[in-house]
Every structure is written in C-alpha cells, then in structure tokens.
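What follows is a set of notes on a single structure, which appears directly below.
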Amino acid sequence: MLADLGTASLTVGLLCATLTALLWLRAALFATPTRAARLGTAATLATAAVACALLEAALLRHDFSVRFVAENGGRQVPLYYTLTSLWSALDGSLLLWLLILAGYAALLAHRRHPPRLHAYAMVVVSTVTMFFFALSTFAANPFREVNPVPADGPGPNPLLQQHPAMGVHPPLLYAGYIGLVVPFAFAIAAPLAGQQGRDWVRAARPWALAAWAALTAGIGLGAWWSYAVLGWGGYWAWDPVENASLLPWLTATAFLHATLGRAAGRAGWNLALASASFVLVLLGTFLTRSGAVASVHAFTDSPLGPILLGFVLLTVVVSTVLTGWRDPEPAHGRSTPLLSRMTAVLVNGVLLVTIAAVVLIGTIFPLLSEPLGGVRTSVGPGYYQRTAVPLAIAVLLMMGVTPALRVRDRTQALRRLALPGAVALATVAVVGLLSRPGLPALTAFGAAAFVLTGVTAELADRRPRSGRNRRPGRAAGLVAHAGIALVAVGVAGSSAYGRDTERTIHTGEALRVGDVSARLVGVDRSGASGGMTVRARLRLTEAGGGERTVRPALRYNAARDTAVTVPAIETGLLRDTYVTLIAVAPDSGSATVRLAVNPLVGLLWAGGTLTAAGGLLAAIRTARPRRPDVVAASPDPVAAEAR
Numbered sequence: 004m005l006a007d008l009g010t011a012s013l014t015v016g017l018l019c020a021t022l023t024a025l026l027w028l029r030a031a032l033f034a035t036p037t038r039a040a041r042l043g044t045a046a047t048l049a050t051a052a053v054a055c056a057l058l059e060a061a062l063l064r065h066d067f068s069v070r071f072v073a074e075n076g077g078r079q080v081p082l083y084y085t086l087t088s089l090w091s092a093l094d095g096s097l098l099l100w101l102l103i104l105a106g107y108a109a110l111l112a113h114r115r116h117p118p119r120l121h122a123y124a125m126v127v128v129s130t131v132t133m134f135f136f137a138l139s140t141f142a143a144n145p146f147r148e149v150n151p152v153p154a155d156g157p158g159p160n161p162l163l164q165q166h167p168a169m170g171v172h173p174p175l176l177y178a179g180y181i182g183l184v185v186p187f188a189f190a191i192a193a194p195l196a197g198q199q200g201r202d203w204v205r206a207a208r209p210w211a212l213a214a215w216a217a218l219t220a221g222i223g224l225g226a227w228w229s230y231a232v233l234g235w236g237g238y239w240a241w242d243p244v245e246n247a248s249l250l251p252w253l254t255a256t257a258f259l260h261a262t263l264g265r266a267a268g269r270a271g272w273n274l275a276l277a278s279a280s281f282v283l284v285l286l287g288t289f290l291t292r293s294g295a296v297a298s299v300h301a302f303t304d305s306p307l308g309p310i311l312l313g314f315v316l317l318t319v320v321v322s323t324v325l326t327g328w329r330d331p332e333p334a335h336g337r338s339t340p341l342l343s344r345m346t347a348v349l350v351n352g353v354l355l356v357t358i359a360a361v362v363l364i365g366t367i368f369p370l371l372s373e374p375l376g377g378v379r380t381s382v383g384p385g386y387y388q389r390t391a392v393p394l395a396i397a398v399l400l401m402m403g404v405t406p407a408l409r410v411r412d413r414t415q416a417l418r419r420l421a422l423p424g425a426v427a428l429a430t431v432a433v434v435g436l437l438s439r440p441g442l443p444a445l446t447a448f449g450a451a452a453f454v455l456t457g458v459t460a461e462l463a464d465r466r467p468r469s470g471r472n473r474r475p476g477r478a479a480g481l482v483a484h485a486g487i488a489l490v491a492v493g494v495a496g497s498s499a500y501g502r503d504t505e506r507t508i509h510t511g512e513a514l515r516v517g518d519v520s521a522r523l524v525g526v527d528r529s530g531a532s533g534g535m536t537v538r539a540r541l542r543l544t545e546a547g548g549g550e551r552t553v554r555p556a557l558r559y560n561a562a563r564d565t566a567v568t569v570p571a572i573e574t575g576l577l578r579d580t581y582v583t584l585i586a587v588a589p590d591s592g593s594a595t596v597r598l599a600v601n602p603l604v605g606l607l608w609a610g611g612t613l614t615a616a617g618g619l620l621a622a623i624r625t626a627r628p629r630r631p632d633v634v635a636a637s638p639d640p641v642a643a644e645a646r
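Following the numbering used here, the numbering of the sequence shown begins with 4 at its first residue and continues without gaps.
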C-alpha cells in the first residue's frame, strides 16, 4: 500500500513539475498572470513532501515490502537513526533533495522580482525539479517492492549511526548545494529577460548568501563528523566527495565577492561564476551517486551515472551559450586603479577559481587516467598541499588587504595596512623562533594574524563617514573573514604540531605522545542481538599530573558484517587527546591503540561556526527591504552596494 502510494506521489510530482515549468514559460513569453504557475509550484512541493512522509512512514512501520526499507531499515535501529535513514542511501537521499529543491522553488515563486526575470528563473528551477523527479521516478524509485518480504533489515550503514550530526549534516549540505540553483536560474534568466535582466545580481545575491552559509555549515559539520566518527584522527582527507562539496563553495565565494561594489558590473564574470557553482553541484551529485569514485561518503554503484553526466553536460552547454549571449557591458567611464578594493576583489575571485580548478583536476584525474592511459592513477593529499594550500594562503592575505582598500586615498590605505602587517611579521618571528612549525604553517599563522588584526580594526572603525551610509552586511562579511582566519590557524596548528603513535600494548603497558601517556587497564566485551562491542579501558596521564580514564571502542554490526571504531576524544582548551582502538587480541590481554595529540583543532569548529554565522547574517541583512532614503540616494543597485 505505501509502496503504491509513494510511486503515485512521485508520478504526480513529475506531472506537476512539468506543468509548472510550462506555465512559468508561458508567463515569461506572453506576460500572462502567474497565479496558476504559483499553484503548480506549491503542488510540486506538496507531492515531494508526501513522498518523503510516505517513506518515513514505511521506515517507522518497518514495512520491509518496500525495497528501500528492506535494504536500510531495521527493527533494532534507534528511532532517531530510523528517521535519518531516509537520507542514508541513494534513493531516499534523492527524496530529501527533491523536498529541499521544491521548497526553494516555492519560496522563489512568492518573492517579488522583475516579472520576466522572475518567470524565466522559475522556468529554470522548475526544469531542474522536473529532471530530479524523473530521476527519482524512473531510475531511483525507493518505493519498489521486494518479494519475498524479509523479516528484518540490516539498518543503515553503521558509520551513519555513530553521531547525531547525521540528522543535521546532510540536510544542511543539501540546503547549501541546492540553494545555488537560484543564482544559477537568475544567471540563465538574465540574458533572456532583456532589460529586466540587468538587475539579476541584486536578486540573486541573498539566495547565494543563504546557500553559501548553509553549505559552509554543512562542510564544517561533515569535517566534525569525520573527526568524531571515522577514528583516523583527521577532519579532511581530500576525499573526492569532500572535494565535491568544496568546489561549489569556492566558486560561490568568488561569486559573492564579485557582486560587491563596481565589480558587480562585470556581467560576464558574474554569470560564469553563478553558472559554474551549480554545474559543480551537479558534478558533485554525479560523483556521489554514480559509483565513479570510491569514498566512505559516496553511495554505491547505481544506474544514475550516465543520466547525471548527461544532465551536467547539457547544463554546461546551455549556460555557456547563454553566458555568451548578452548585451555589451556598459563602460564605467574610468579606469580601475591598481591599488583599489575592486582590483583586490577581482584578484581574490581569480585565486578562488584557480583553487577550484586545481581541486577539480585532482578530483577527476583518476577518472580520466584509466580510460586514457589504461591505469587508474590516484591523487594523494601531497598534490593538494603543494598546489591548493599556497593559493589558499594567498587568498587569506588578500582577505586582509581588501577591507583596507575601501578608502580612496592610497596613502591612507597603506597606513591602514601597517598595523596588520606589523602584527603578522611579529607573529611569524615569535612563532618561528619558539616552535619552527615549517614554512606553510608559519605563513598561514602570519596571514591569519594579518586578517584578524585588520578585521578587529575595521570593526572598531564602524562610524559612517559624512554623507555616506554603511554598506549593509559589511560587518557580517568581516565576521566571516575572521572565521576563515581561525579555521586557517586550526588547520595549520593541527597539521604542524599534531603528533601520534600506534602500537600493540599488553595490559599494564603504556604508549606515549609528548607529555601524554595511555596505559591499558583492561578490555571489556559486551554482546547484543545486533552484534558486539569491545571497549579498551586506558588511563590517560599528562605531564601536569592530571589523570582520567577513556574507553575507545570497536563495534561489530552483524547485519552489515562490519566493524566501526568509536574513538575517545578528550577536548581541552588548546588541544585534543584522541584515542582509537584498532584491534583486540582474542584473549583480551592486549590491544592495538592509536594515541594522537591534536593542537588547536577547536579553532576549526569555532571558525567554521563564525564563518557560517557571518554568511547567514549577511543573507538576512541583504534580503531586507532597503530604506527609502538609501534607495533614493542610490538608484543604481551596483552603486548602492558599493556604499
């Protein structure tokens, strides 16, 4: 029954999405009323919500006649992880994707924008919704039935049952991913809308900010999940699927910077960045759901690969054609000084796009090397550390330079850079003399000090100058910059100063990292119907005399025939102590343990939170209606944004 209703909801949703796209196209071409199109958009959202609700009901009722439930549900799975099982596998995750996509479409349908621009943008969003409904209906239908019906299911992947972030990380990441469809839609609509399309950047920017903030939070939570669950002690491994989330974040960041001030007048650059961001989202979807890459984050092999790749190529062709088909850009009437904020913004954008290109090459090279050379070549972290990391440090430096250049007087701008520059040099000198962390980390520390000092000075100087208004969202942007600088310190510190060791120790023996030692006290075993849990009791001792007991574990899941590590993490003010149980002897007399000390990791989570908060604050402030006095003073949206 639930299976039939679910399939019917997907079919009706596909019909609604198709009809909605046609109704919006009619409104764009013939300026007809949009009431019917808006109702169609709402109906599409309703069908997506019904499909998700039906699959959740099947999971909660343990209806193993539904194939998705038979493969990912289980009677022994806790309620929370039963609910999150919806997005634990390919077919169900597409339903969540559809629900969020249809939600964005419904929100956009009720916003006020120039009529033709709005209608064409809705055509694009509705077409994308139609494609994903077709994908879910015909190629990845989670409601297909199973015969014979099993008595129980294996539950979701055990790794997805180890951390409560499973309920937040995928929805946030999807919200960021899918939200980039709206700036893409405005970019595609702008050349088609003629004169009404000239204002597309102002319409797209709040959506891009909201999506960027959600994507930032999703990536940060994903790094935390990797750190807290996988047991390897790290947070970023340049995994292909991790890279797939980073790529659109980089180009979306470049887009947000490119839409500031007079840089927003470069229409071709903005169109290309908005289009590239969503194309990279689709590419990431292909990598995640096609089985093309091996990753703990990726889903298994599926028939979706060729379909998704075809849609990616079609999107590239359409966006390339429409990006080139636009009115000539208006001349500014004056040249841009080399030492100016606009130049710094453009340089920063070029650097971000270059990093995206470097990461993209490293991500897809293994996929191309096998058909071209006959051998699948892997690209390790060393490639990214030698290429992307230096570029990221250059971006960090430009972040510190850009705010100071908002003043027109070059001498004054250089004076504003003097204090951050002095603090950066002092940081490099002191840290280099005391600890010698290596050139990359030392440079990152100096660049972060440069940014943080500049941000502090800018936030302290918040008085509006005579006759001018504060630019909305400027403080939010500075907060985001400060967050990124903290992330840089966390990455550099944990990479340069982190130490670890791994060894098999017997009961009573200890292993040591720096001033931290871990002595094996004993091993405990406990069994349940779903498997077995083995815990090692270790006594941690630090140089200061503090002692505590930690219990890292190994959990064996019988249904999936796999074991997962559950690390013990002791979080301190300046460092984490990270203990992982690798293996246990059959007689429980010895265990293989990994002990790691990770300094400054907490700055990663604090910086990520600050960055996402800055993006969200900027989105809220940008989406607010502007005051009449500001509009009257600056009828040109680009000029208003420059203020």
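Quick reminder that beta carbons are idealized off the backbone N, C-alpha and C, glycines included.
Quick check on R502: buried or exposed, where buried means 16 or more other Cβ atoms within 10 Å of its Cβ?
exposed
Counting only the same chain and skipping the five closest in sequence on each side, list residues whose C-beta sits under 7 Å from that of G530.
none
Can you find at least 3 beta carbon pairs, one from the region 183-197 and one from the region 597-610, that sit closer than 8 Å?
no
Given this structure, state the Cα-to-Cα distance separating P243 from Y180, to the nearest angstrom.
16 Å
Outcome for L428 when other beta-carbon atoms lying within 10 angstroms are tallied against a minimum of 16:
exposed
Hey, how far is the Cα of V434 from the Cα of F453?
14 Å
Taking L584 as the reference, give the member of I508, R563, G486 with the closest Cα.
I508
Provide the residue span of the alpha helix (DSSP H) that contains S229, from first to last.
Residues 203-232.
Pull up the distance between the alpha-carbon of V587 and that of G287, whole angstroms please.
Roughly 38 Å between the two C-alpha positions.
Between H260 and V348, how many whole angstroms is the CB-CB distance? I'm expecting something under 8 Å.
5 Å
Does the Cβ of M402 have 16 or more other Cβ atoms within 10 Å, making it buried, or fewer, making it exposed?
buried
I'd like to confirm the pairing. Which residues does DSSP put opposite G525 in its beta bridges?
Beta bridge pairing from DSSP links G525 with R540.
Starting from V80 and walking both ways along the beta strand (DSSP E), at which residues does that stretch end?
Taken as a continuous stretch (DSSP letters only), V80 belongs to no beta strand (DSSP E), as it is neither H nor E.
Tell me the rounded alpha-carbon separation between F314 and S278.
14 Å
Look at the alpha carbon of L263 and the alpha carbon of T37, and state the distance between them as a whole number of angstroms.
32 Å
If you draw a straight line from the alpha carbon of G236 to that of G9, how long is it in whole angstroms?
C-alpha separation (whole angstroms): 41 Å.
In the DSSP assignment, find the unbroken beta strand (DSSP E) run with T568 in it and report its ends.
Per DSSP, T568 is one residue of the beta strand (DSSP E) stretching across 565-569.
So, is Q198 buried or exposed, given that buried needs 16 or more other C-beta atoms within 10 angstroms?
exposed
Pairwise C-alpha distance: P443 and V494:
11 Å
Which whole-angstrom value is the C-beta distance of F71 and L86, which I expect to be below 8 Å?
Not a contact, Cβ separation roughly 14 Å.
In or out: I310 buried (at least 16 other Cβ within 10 Å) or exposed?
buried
In terms of residue numbering, what span does the alpha helix (DSSP H) encompassing Y238 cover?
Premise fails: Y238 is in no alpha helix (DSSP H) and is neither H nor E.
Taking the alpha carbon of D7 as the reference point, which residue from E148, T565, W228 has its own alpha carbon closest?
E148
Can you tell which of V131, R29, G156 has its C-alpha closest to the C-alpha of G533?
G156
Cβ pair L138, L97 closer than 8 Å:
yes
Taking the alpha carbon of V184 as the point to measure from, which residue in V282, A491, R119 has its own alpha carbon closest?
V282
How many whole angstroms separate the CB atoms of T254 and A359, which I take to be in contact at a CB cut-off of 8 Å?
5 Å
How about N160 and R563: do their beta carbons lie closer than 8 Å?
Result yes, Cβ atoms of N160 and R563 sit closer than 8 Å.
Quick one: what does DSSP say A531 is sitting in, helix, strand or coil?
strand
Opposing strand residues paired with P602 [DSSP bridges]
R578
Would you decide whether A209 is buried or exposed? Buried here means 16 or more other CB atoms lie within 10 Å of its CB.
Reading off the sequence, residue 209 comes out as Pro, not Ala. The residue in question, P209, is buried, as its Cβ has 16 or more Cβ neighbours within 10 Å.
Coil, strand or helix - T144 by DSSP:
This sequence places Asn at residue 144; Thr is not what is there. Three-state result, N144: coil.
Short of 6 Å in beta carbon distance, which residues of its chain neighbour P638, apart from the five on each side in sequence? Order them along the chain.
With a pLDDT of 38 at P638, under the threshold of 50, the modelled position of that residue is not reliable, and no figure is offered here.
Quick check on the DSSP output: the alpha helix (DSSP H) that includes D94 runs from which residue to which?
93-112
Where F289 and A499 are concerned, what is the direct C-alpha to C-alpha distance, given to the nearest angstrom?
For F289 and A499, the distance between alpha carbons rounds to 35 Å.
Can you tell me the Cα-Cα spacing of W239 and V582, whole angstroms?
Straight-line Cα distance between these residues: approximately 18 Å.
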